[in-house]
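Chain order of the listed sequences is A and B. The numbering of the first sequence is numbering that gives the first Met the number 0, which starts it at 0 and goes up by one. The numbering of the second sequence is numbering that gives the first Met the number 0, which starts it at 0 and goes up by one.
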Amino acid sequence: MILTDIIERMDLKIFTGRTELERPVRGGYASDLLSDVIANGQKDQLWVTLQVHPNIVAVAALKELSAIILVNGREPAADTTARADKERIPILGTSLSAFEFAGRAYALGIQER
Amino acid sequence: MELRHFRADLHIHSCLSPCGELSNYPRKIVERALAAGLRIIAICDHNSAENARAVVRAARGTGLAVFPGMELTSEEEVHTLGLFPTMNHLLPLQERVFRGLPKLPARKRLTQDQVIVNENDEVLGFSPHSLFAATRLSVHEIVTGIHQCGGLAVASHIDRGAFSIFSQLGFIPDDLDFDALEVSPLMTIAEARAAFKPPAHFPLVRFSDAHQPAEIGQAATDLILAGPAFAEVRMAFDGRNGRRICEP
């Protein structure tokens with residue numbers, strides 16, 4: 000599956016990274032502790048979080064994550080958007096909670112291979 | 000001017016903190032601090048300085064210097080110590096913090112009582128704010144806000160797995176201007192330097208984060224100062240005019 004499939008099927012808002020939406024997605028990771036994501040995130044995962052601080056962009060770039068999903072209708076801070084544009088990191092948004100989003104995405108087949 | 004050692008523990012909670020022991024009232028804090036050989040302390044309850052004035056007053060005439068402070072919770076749930084010369088300095092920031100905290104639900108006790116006391120340890124009331132909640136301020140807004148009020152901003156317990164700058168944000172953003180980083184009693188400063196490799200320009204200090212009287216002074220930092228004044232502590236954090244932090 001690629002990002003555009005998920006954006007369409009989960010009705011996600013696109014905040015940044017419009018040129019990067021053909022990226023593959025292999026599984027996901029949900030955590031609001033960036034130290035935990037640095038330790039346990041894997042390449043090409045969707046990262047589900049409510050953190051909007053600019054450091055999320057650096058972590059996503061470091062771990063080569065596919066995209067950041069902001070839950071609960073949260074929006075990236077202004078400097079987060081600026082940094083994500085520069086680093087070409089897709090930040091997507093949903094009004095769902097982390098639990099709801101992860102459950103539905105998993106049901107769509109976004110699972111570890 | 001003669002410079003001397005002053006032992007400082009600048010992270011002490013009182014009975015106001017929802018996780019603090021009721022027995023941590025002003026005269027007890029002062030008594031324990033003096034017994035532990037401390038010359039300078041700071042009262043840093045979660046998101047509130049409502050008890051700091053009482054401890055400042057309780058210490059008058061004892062030779063113990065007390066700075067008012069707060070341990071502020073950012074929206075990312077990063078804890079930061081704000082240390083201030085006087086209560087008047089911190090009040091504008093306190094106002095902003097209270098505006099962003101949820102009110103404590105009536106009749107619901109999720110935590111211990113948040114007891115406000117006077118310098119004679121008499122109960123004046125209970126804080127109506129959810130002090131353990133996160134403020135609506137980002138960690139950047141908190142550090143800037145502390146500086147605008149003339150305070151010092153210290154990243155709390157950087158070695159802890161929760162509520163620290165490293166646990167919440169993974170690393171210290173380049174533009175975040177902490178005056179020092181605090182290591183908890185669980186680690187030595189050398190261990191924390193090795194484990195977290197913080198940028199070298201940040202001084203490291205070690206304080207107790209005491210929530211009960213017996214913990215006061217369990218970790219402390221020696222400062223080389225001309226006297227126990229706030230301006231002296233600032234110079235020590237900056238390493239100016241011979242003032243400095245003693246890193247063991």
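All C-beta atoms, glycine included, are put in the ideal place defined by N, C-alpha and C.
In the DSSP assignment, residue 82 of chain B falls within the beta strand (DSSP E) that extends over 78-82.
With its beta carbon less than 8 Å from one in chain B, residue 58 of chain A belongs to the interface. Each residue's CA atom was taken as its position, placing residue 176 of chain B and residue 143 of chain B some 8 Å apart.
Per the coordinates, the alpha-carbon of residue 6 of chain A lies some 30 Å from the alpha-carbon of residue 136 of chain B. By the rule that beta-carbons nearer than 8 Å mark a contact, residue 75 of chain B touches chain A. Distance from the CA atom of residue 168 of chain B to the CA atom of residue 157 of chain B, rounded to whole angstroms, is 11 Å.
For residue 88 of chain B, the enclosing alpha helix (DSSP H) starts and ends at 86-99.
With at least 16 other beta carbons inside 10 angstroms of its own, residue 16 of chain B counts as buried.
Residue 104 of chain A counts as buried, since at least 16 other C-beta atoms from the protein chains shown sit within 10 angstroms of its C-beta. With 16 or more neighbouring CB atoms inside 10 Å of its own CB, residue 163 of chain B falls in the buried class. Counting along the chain, residue 171 of chain B sits inside no alpha helix (DSSP H), nor does DSSP assign it H or E at all. Nearest CB-CB separation between residue 198 of chain B and chain A: not below the 8 Å threshold. Counting of Cβ neighbours within 10 angstroms places residue 88 of chain B among the buried residues, the total reaching 16 or more. Residues of the segment 131-163 of chain B with a C-beta less than 9 Å from any C-beta of chain A: 137, 138, 139, 160, 161 and 163, listed in chain order. Within the segment 74-107 of chain A, the residues whose Cβ lies closer than 9 Å to any Cβ of chain B are, in chain order, 76 and 78.
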